[in-house]
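Okay, structure first, notes after.
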Amino acid sequence: MDRDHAGRAAYRAQLQSHCLQDRRRRFRPLRRACQKTRHRHAPAAPAGDLGTRYDAAGNFLLEPGNTVVSHLVNGSPSEAAVIEVRERMRAMLDADRLAFTPVSSLHMTLFQGIIERRRRLPYWPRDVALDTGIDGMTRLYLERLEGFQGSGAFRIRAIGVTPNGLTVAGASDEDRRILQAWRDALSVPFGYRHPDHDTYVFHITFAYQIRRLADGRAAAWQDLFDDCLSFLDREAPVIELNPPAFCSFRDMKHFEELLVLG
C-alpha cells in the first residue's frame, strides 16, 4: 500500500511538472512567420524594462535615444483595425496590469538606434566614444544618413498577438528579404549589428507589462488574441506603414521623425 501510495504521488508530481512545462511551451509570446498553426501565448512576466522604461504605476520614464521606424499610415483602414485590437485589449478587466503607449506612437521598429542605458558594445558604434551625448549621437547619425538609399518598399502583416501588441513579418518572402536588406544596409551608418540582427522579431508595441497577468486569466487572454488575429487577417491582411524614418525619442510616448529614408 505504501509503495502504491508513493508511486501515485510520484506520478502526480511528474504529471504536474509535465503540465507546467507544457503550459510554458504553449504560451510563448511569439508566432513565427512561416508557421500555419496558432500557438498559445503565455502571460509573460514583466520584462527588465520595469524601472527604466516605465514605473510600477504605468508612467513612462525618461529614456532618450534614436531609432528607425515606420509609423502606421494615419487614417488608413489598417490603422483603424490595429487600433480596434488595441482597444479590445484595453477593455480586458485586468488591463490595468499593462502600461499602454499612445495611439500616435504606434510604429514598427525597422532598426534599433542607440539608447541611454545601452552604452556598450555591440549596441554602440565602435568608432564613437561611449560617453557621447544622445543628442550628439543623433546629430552624427543625421549626417551619416544623409543621402542614404533604402532597399525599397515592403508590406507587413500580423502573425501574432501578445500582451505587448502585435508580432508582424513581411507579407511575402520578397517582403521579408527587403526587410532584412534594410537592416543590413542600416548597420553600416549605425556602426553595429545587435546579436539578434538576423533573427530580429518585428513588432508593433501597444503596451508593457507592469505586473504579470495571472495564470488563471491565460485562457481569456488567449481567446482574445486568437479572435484579434482572425480579425486582422480579415480586416487588415496588410498593415499600411509610412516609409522608414530616422527618429529621436525621450520616452516611449513619442517618436519624432527627423529624416525620411529611401
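Residue numbers for the sequence shown follow my numbering, so the first one is -12 and each next one is one higher. Just so you know, even glycine gets a beta-carbon here, dropped at the ideal spot from N, CA and C. Only a predicted model underlies this, so the values are computations on that prediction, with no experimental measurement involved.
So, with DSSP's three-state summary, where would you put Q196? The residue labelled residue 196 in the question sits at position 209 within the sequence shown. Reduced to three states, the DSSP call for Q196 is strand.
From F233 to H58, what distance separates their C-alpha atoms? In the sequence shown, the residue the question calls residue 233 occupies position 246. In the sequence shown, the residue the question calls residue 58 occupies position 71. One C-alpha to the other measures close to 11 angstroms.
Comparing C-alpha positions only, which one of G52, M95, A82, R75 sits nearest to R144? As a first step, residue 144 is located in the sequence shown; it is residue number 157 there, counting from the start. For the residues G52, M95, A82, R75, the minimum Cα distance to R144 belongs to M95.
Using the C-alpha atoms, what's the distance from P89 back to N61? Taking the sequence shown and counting its residues from 1, one reaches residue 61 at position 74. Taking the sequence shown and counting its residues from 1, one reaches residue 89 at position 102. Cα to Cα, N61 sits roughly 14 angstroms from P89.
Quick check on P224: buried or exposed, where buried means 16 or more other Cβ atoms within 10 Å of its Cβ? Indexing the sequence shown from 1 puts residue 224 at position 237. Under this definition P224 is an exposed residue.
Looking at N229 and A194, is the spacing between their C-beta atoms short of 8 angstroms? Walking along the sequence shown from the start, residue 194 turns up at place 207. Walking along the sequence shown from the start, residue 229 turns up at place 242. No.
Let's see if you can read the secondary structure: which residues bound the beta strand (DSSP E) around S57? Along the sequence shown, read from residue 1 onward, the residue named residue 57 stands at position 70. 52 to 58 is the extent of the beta strand (DSSP E) around S57.
Between which two residues does the beta strand (DSSP E) harbouring Q99 extend? Within the sequence shown, residue 99 is the residue found at index 112, counting from 1. Where Q99 is concerned, the enclosing beta strand (DSSP E) stretches over 94 to 102.
Could you tell me which residues DSSP pairs with T285 in its beta bridges? The chain is shown only over -12 to 249; residue 285 falls outside these bounds and no answer can be derived.
Taking contact to mean at least 3 C-beta pairs separated by less than 8 angstroms, is the stretch 62 to 71 in contact with the stretch 95 to 113? no
Once you ignore the five residues that flank D118 on each side, which residues in its own chain have a CB closer than 8 angstroms to its CB? Position 131 of the sequence shown holds residue 118. These residues qualify, in order along the chain: R106.
8 angstroms contact criterion, which P176 and R131 should meet: CB distance rounded: Here the question's residue 176 lines up with position 189 in the sequence shown. Here the question's residue 131 lines up with position 144 in the sequence shown. Between R131 and P176 the Cβ distance is about 4 angstroms, and since that is below 8 angstroms, they are a contact.
For M79, tell me which candidate among F218, F47, M239, R204 has the shortest Cα-Cα distance. The sequence position of residue 79 within the sequence shown is 92, counting from 1. The candidate whose alpha carbon is nearest that of M79 is R204.
Once the 5 residues before and after V56 are set aside, which same chain residues still bring their CB inside 8 angstroms of it? Position 69 of the sequence shown, counted from the start, is the residue given in the question as residue 56. Result list for V56: H94, M95, T96, L97, P231, A232, C234, F242, in chain order.
Using beta-carbon positions only, say whether L166 and F135 come within less than 8 angstroms of one another. Walking along the sequence shown from the start, residue 166 turns up at place 179. Walking along the sequence shown from the start, residue 135 turns up at place 148. Taking 8 angstroms as the Cβ cut-off, L166 and F135 do not qualify as a contacting pair.
Output the boundary residues of the alpha helix (DSSP H) element that contains S235. Numbered from its first residue, the sequence shown carries residue 235 at position 248. Counting along the chain, S235 falls outside any alpha helix (DSSP H), though it belongs to the beta strand (DSSP E) covering 232 to 236.
Taking the alpha-carbon positions, what's the T154 to T192 distance? As a first step, residue 154 must be located in the sequence shown, where it is residue number 167. As a first step, residue 192 must be located in the sequence shown, where it is residue number 205. Roughly 9 angstroms between the two C-alpha positions.
Among residues of its own chain, excluding the 5 on either side of L48, which ones have a beta-carbon nearer than 7 angstroms to its beta-carbon? Taking the first residue of the sequence shown as 1, we reach residue 48 at position 61. Answer for L48: T39, R40, Y41, D42, D238, listed in chain order.
Please state the DSSP three-state secondary structure of E251. Because residue 251 is not part of the residues shown, which for the chain are -12 to 249, the question remains open.
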